[in-house]
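Structure below.
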């Protein structure tokens with residue numbers, strides 16, 4: 001049974017979905033990460049005809065169980081950029097190659113009520129793939145990523161998502177110790193490349209799965 005909180009977020013996410021569609025994104029609205037994984041694996045992936053797939057860093061994607069499911073698929077060419085057997089140079093090259101796959105999967109750091117995506121990246125491969133390169137992109141987005149404005153999204157990323165990810169990744173940055181952005185010059189800085197995606201081009205290339213559940217940072 002839906003709780004009042006779930007109902008509240010269903011209404012909010014429905015409005016976000018309408019805004020995203022008006023900005024030429026394709027959208028699915030689901031109730032859980034489990035359902036998001038099922039919709040992707042059973043519907044979106046087969047319909048795309050994709051034979052090569054890669055994914056960027058996303059704890060939401062992991063919670064949906066998608067990376068592990070893809071690793072079991074012998075019928076797909078998977079460019080796994082998180083293979084721990086790779087050297088740093090091999091990992092970097094694989095991330096370059098992932099910009100040319102049929103389908104790229106990741107999350108977004110924030111999505112506004114008027115349907116814009118806000119992201120901040122360390123290397124730039126994730127935001128690069130969202131905006132150009134792969135033929136199809138699928139974004140897995142928990143309800144906790146919804147913000148009112150672009151400015152709210154940028155503030156959320158700097159004040160919360162980035163410090164949390166620096167802690168998660170054990171980066172040698174000031175925010176790992178202070179939980180606050182210090183606009184550092186650390187070689188481990190993960191806040192390097194901003195992107196604001198106002199509209200999807202070509203129309204429908206990016207499919208956003210909005211999830212009525214908290215997921216990711």
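In the UniProt record's numbering, the protein residues as written are 1 to 217. Each residue gets a CB set at the ideal place from its N, CA and C atoms; glycine is no exception.
Q) Since residue 121 is in the beta strand (DSSP E), which residue starts that stretch and which ends it? A) Where residue 121 is concerned, the enclosing beta strand (DSSP E) stretches over 117-121.
Q) According to the Cβ coordinates, are residue 197 and residue 130 closer than 8 Å? A) In this structure, residue 130 lies closer than 8 Å to residue 197 by Cβ.
Q: Compute the beta-carbon to beta-carbon distance between residue 193 and residue 120, rounded to the nearest angstrom, for a pair I have assumed lies under 8 Å.
A: That belief holds up - the Cβ atoms of residue 193 and residue 120 are roughly 7 Å apart, short of 8 Å.
Q: Quick one: grab the DSSP three-state call for residue 127.
A: DSSP places residue 127 in the helix class (H, G or I) of the three-state scheme.
Q. The beta strand (DSSP E) spanning residue 195 covers which residue range?
A. Where residue 195 is concerned, the enclosing beta strand (DSSP E) stretches over 193-197.
Q: Grab the span of the beta strand (DSSP E) containing residue 77 for me, first residue to last.
A: In the DSSP assignment, residue 77 falls within the beta strand (DSSP E) that extends over 77-79.
Q: Tell me where the alpha helix (DSSP H) around residue 5 begins and ends.
A: Counting along the chain, the alpha helix (DSSP H) containing residue 5 begins and ends at 4-22.
Q: Round the Cβ separation of residue 132 and residue 54 to the nearest angstrom and send it over; I've been treating them as touching at under 8 Å.
A: Contact between residue 132 and residue 54 fails: their C-beta atoms lie close to 14 Å from each other, not under 8 Å.
Q: Flag this pair as yes or no: are the beta carbons of residue 140 and residue 14 separated by less than 8 Å?
A: It is not a contact, given that the beta carbons lie outside the stated cut-off.
(Q) Taking 8 Å as the cut-off, does the stretch 39-50 touch the stretch 109-117 (at least 3 CB pairs, one atom from each stretch)? (A) As far as the Cβ criterion goes, the stretch 109-117 does not touch the stretch 39-50, which means the pair count is below three.
**Q.** Same chain, Cβ closer than 8 Å to residue 166, five either side skipped, listed in chain order
**A.** Contacts found: 173, 175, 176, 188, 190.
Q: For residue 4, count neighbouring C-beta atoms within 10 Å of its own C-beta (all shown protein chains included) and say buried if the count is 16 or more, exposed if not.
A: It counts as exposed.
**Q.** C-alpha distance - residue 170 paired with residue 217, whole-angstrom precision
**A.** Looking at the two C-alpha atoms, the distance is approximately 15 Å.
Q. Quick one, which of 76, 91, 75 has its alpha-carbon nearest residue 82's?
A. Among 76, 91, 75, the Cα nearest to that of residue 82 is on 91.
Q: Would you kindly check if the distance between the Cβ of residue 146 and the Cβ of residue 195 is under 8 Å?
A: No, they are not a contact pair.
Q) What is the DSSP secondary structure of residue 37, counted as helix, strand or coil? A) Looking at residue 37 - three-state DSSP - the assignment turns out to be helix.
Q | Beta-carbon gap between residue 79 and residue 208 smaller than 8 Å | A | Their beta carbons are not under 8 Å apart, which means residue 79 does not touch residue 208 by this criterion.
Q: Tell me whether residue 48 sits in a helix, a strand or coil according to DSSP, three-state version.
A: It is helical.
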